[in-house]
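> For the sequence shown, counting from 1, position 238 maps to 241 in our numbering; every step adds exactly one.
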Amino acid sequence: MPVQFPLVFSTLCQRLALGTYMMSLIAVYFLGVEFNLSAIALAALVVFCAGLLASLVHLGRPNRIMNSFANPQSHLTQEGILSPFVALFLFLQALDGWLIALNSALLVLVQVLAFLFSIAFIYSTGLVYQLFARPAWKSKMVGVNFFLSSLAIGSIGAYAWGALSGLDNVTSLLYLSAVTQILIILGQLYYSAYVRRLGYGVAINVLSGEFKMPYLGWVITGVVLPLALIAYAALSGGSGSIALALLLSALLGLVFWRMFFFLAGKHIKFFPQYESDLKTIF
4 MPVQFPLVFS TLCQRLALGT YMMSLIAVYF LGVEFNLSAI ALAALVVFCA GLLASLVHLG
64 RPNRIMNSFA NPQSHLTQEG ILSPFVALFL FLQALDGWLI ALNSALLVLV QVLAFLFSIA
124 FIYSTGLVYQ LFARPAWKSK MVGVNFFLSS LAIGSIGAYA WGALSGLDNV TSLLYLSAVT
184 QILIILGQLY YSAYVRRLGY GVAINVLSGE FKMPYLGWVI TGVVLPLALI AYAALSGGSG
244 SIALALLLSA LLGLVFWRMF FFLAGKHIKF FPQYESDLKT IF
């Protein structure tokens with residue numbers, strides 16, 4: 004499949020926005036980081052809505068948009084149903100302390116609902132791209148990696164927010180970023196091995212042809228640079244500039260990986276011509 008750049012941008016925005024909010028919420032309640040969650044929720048809401056607009060741009064005509072959400076059992080429809088709830092609870096969190104003052108119990112309820120709907124939205128969005136008609140997208144690792152990448156970019160986003168805001172106790176978020184980044188790298192390496200074993204004429208050599216540029220781009224910006232910057236920040240004490248460089252590198256890594264993912268999504272060859280095409284899809 005050709006690279007669908009509106010969807011690359013859309014999924015990038017969704018994972019950055021919701022991942023950063025979720026990991027910031029975890030940091031406040033479990034790591035003792037004093038984030039302004041209302042400000043983070045406002046930023047997340049803006050970025051999330053930008054991603055939704057990019058999805059609508061991809062769908063194009065109004066009738067195509069309506070047809071895309073016609074099946075209530077499809078993950079795309081579930082994504083469409085969940086998105087207003089995500090936006091609503093982020094909006095309520097963003098208003099707290101500025102235009103309204105939520106009591107502690109109501110604020111916790113809003114935060115829990117925003118967290119749960121964010122998880123549900125990310126899960127549904129990941130499953131949108133798990134299609135049996137495209138062997139490279141058949142694996143359950145498609146959804147798993149989408150979720151892991153949300154945690155990874157969210158951890159880095161929360162760390163960058165804290166470092167750029169001058170907060171002192173964000174080292175724990177740096178370590179969390181290291182763990183989640185390693186997890187998504189392992190997941191993506193597993194997926195890389197998976198697509199090399201595909202049959203039906205759609206096996207992929209990640210370092211050849213149209214796949215080489217985005218895959219090497221991911222290796223550099225999604226593996227080498229993030230791990231190097233995390234290690235440097237841990238050894239040097241970190242700074243806002245290092246955190247920003249880490250965030251930009253991780254975002255670029257997600258872009259390159261998504262480009263590779265779209266290119267890998269080829270249809271089954273129904274009339275195999277080679278012995279390798281007859282291999283079972285695992």
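For every residue, glycine included, the Cβ atom is placed at its ideal position computed from N, Cα and C.
The model shown is predicted, which means the values in this text are computed figures rather than measured ones.
Counting Cβ pairs closer than 8 angstroms, one from the region 159 to 177 and one from the region 211 to 223, do we hit at least three?
No, because fewer than three Cβ pairs between the region 159 to 177 and the region 211 to 223 fall closer than 8 angstroms, the two stretches do not touch.
> Between the region 21 to 31 and the region 45 to 56, do three or more beta carbon pairs fall short of 8 angstroms?
Because the criterion of three Cβ pairs below 8 angstroms is met, the region 21 to 31 and the region 45 to 56 touch.
> Among F120, I233, P138, which residue has its Cα nearest to the Cα of L177?
Looking up residue 177 in the sequence shown gives position 174. That would be I233, whose Cα lies nearest to the Cα of L177.
> Near G220, what residues of its chain come up, given a Cβ to Cβ distance below 7 angstroms and the 5 sequence neighbours on each side ignored?
In the sequence shown, residue 220 corresponds to position 217, counting from 1. Result list for G220: F259, in chain order.
> Going by the beta-carbon positions, is the gap between V147 and F120 smaller than 7 angstroms?
Sequence index remark: in the sequence shown, residue 147 carries index 144 (1-based). Sequence index remark: in the sequence shown, residue 120 carries index 117 (1-based). Going by C-beta atoms, V147 is not nearer than 7 angstroms to F120.
> When DSSP builds the beta bridges, which residues end up paired with D99?
For the purposes of this step, residue 99 is taken as the residue at position 96 of the sequence shown. Its beta-bridge partners are I103.
> Check whether the Cβ atoms of M144 and P217 sit closer than 7 angstroms, and answer yes or no.
Here residue 144 corresponds to residue number 141 of the sequence shown, with the count starting at 1. Here residue 217 corresponds to residue number 214 of the sequence shown, with the count starting at 1. Cβ distance not < 7 angstroms, so M144 and P217 don't count as in contact.
> Nearest-angstrom Cα distance between H270 and I84?
What you label residue 270 is simply residue 267 of the sequence shown in a count that begins at 1. What you label residue 84 is simply residue 81 of the sequence shown in a count that begins at 1. Distance between the alpha carbons of H270 and I84 is about 29 angstroms.
> So, is L257 buried or exposed, given that buried needs 16 or more other C-beta atoms within 10 angstroms?
What you label residue 257 is simply residue 254 of the sequence shown in a count that begins at 1. Buried, because 16 or more other Cβ atoms sit within 10 Å of the Cβ of L257.
> Would you call the CB atoms of F118 and L10 closer than 7 angstroms?
As a position in the sequence shown, residue 118 is number 115, starting the count at 1. As a position in the sequence shown, residue 10 is number 7, starting the count at 1. Taking 7 angstroms as the Cβ cut-off, F118 and L10 do not qualify as a contacting pair.
> Just checking my contact of L93 with F150 at CB under 8 angstroms: how many whole Å lie between their CB atoms?
Position 90 of the sequence shown holds residue 93. Position 147 of the sequence shown holds residue 150. Rounded, the Cβ-Cβ distance is 19 angstroms, inconsistent with contact.
> How about I159 and S180: are their beta carbons less than 7 angstroms apart?
Taking the first residue of the sequence shown as position 1, residue 159 is located at position 156. Taking the first residue of the sequence shown as position 1, residue 180 is located at position 177. Yes, they are a contact pair.
> How long is the line joining the alpha carbons of Q1 and I125, rounded to whole angstroms?
This structure cannot settle anything about residue 1, because the visible part of the chain is limited to 4 through 285.
> Thinking just about the alpha-carbon of each residue, which of S142, L40, P87 is nearest to the one in A97?
Taking the first residue of the sequence shown as 1, we reach residue 97 at position 94. When each option's Cα is compared against that of A97, the closest is L40.
> What residue range is occupied by the uninterrupted alpha helix (DSSP H) comprising T183?
Numbered from its first residue, the sequence shown carries residue 183 at position 180. Unbroken alpha helix (DSSP H) run through T183: 174 to 199.
> Where does the unbroken alpha helix (DSSP H) through I245 begin, and where does it stop?
Here residue 245 is taken as the residue at index 242 of the sequence shown, counted from 1. Segment 243 to 267, the alpha helix (DSSP H) holding I245.
> DSSP three-state label for N148, please.
For this step, residue 148 is matched to residue 145 along the sequence shown. Helix at N148.
> Which residue wins for smallest C-alpha separation from T14, given the options L110, I245, S153, F33?
Here residue 14 is taken as the residue at index 11 of the sequence shown, counted from 1. Nearest option by C-alpha distance: S153.
> Could you give the first and the last residue of the continuous alpha helix (DSSP H) run that contains T14?
Locating residue 14 in the sequence shown gives position 11, where the first residue counts as 1. Per DSSP, T14 belongs to the alpha helix (DSSP H) from 8 to 33.
> Short of 6 angstroms in beta carbon distance, which residues of its chain neighbour T183, apart from the five on each side in sequence? Order them along the chain.
Taking the first residue of the sequence shown as 1, we reach residue 183 at position 180. The residues are L154, A155, S158.
> Would you say A53 touches the ligand MN, meaning its beta carbon is less than 6 angstroms from a heavy atom?
No copy of the ligand MN appears in this structure; indeed no ligand is present at all.
> When the distance is taken between beta carbons, is Q81 closer than 7 angstroms to S127?
Sequence index remark: in the sequence shown, residue 127 carries index 124 (1-based). Sequence index remark: in the sequence shown, residue 81 carries index 78 (1-based). Against a cut-off of 7 angstroms, the Cβ pair of Q81 and S127 comes out as a contact.
> With 16 other CB atoms within 10 Å as the buried threshold, where does G225 fall?
As a working mapping, residue 225 is identified with position 222 in the sequence shown. Classification for G225: buried.
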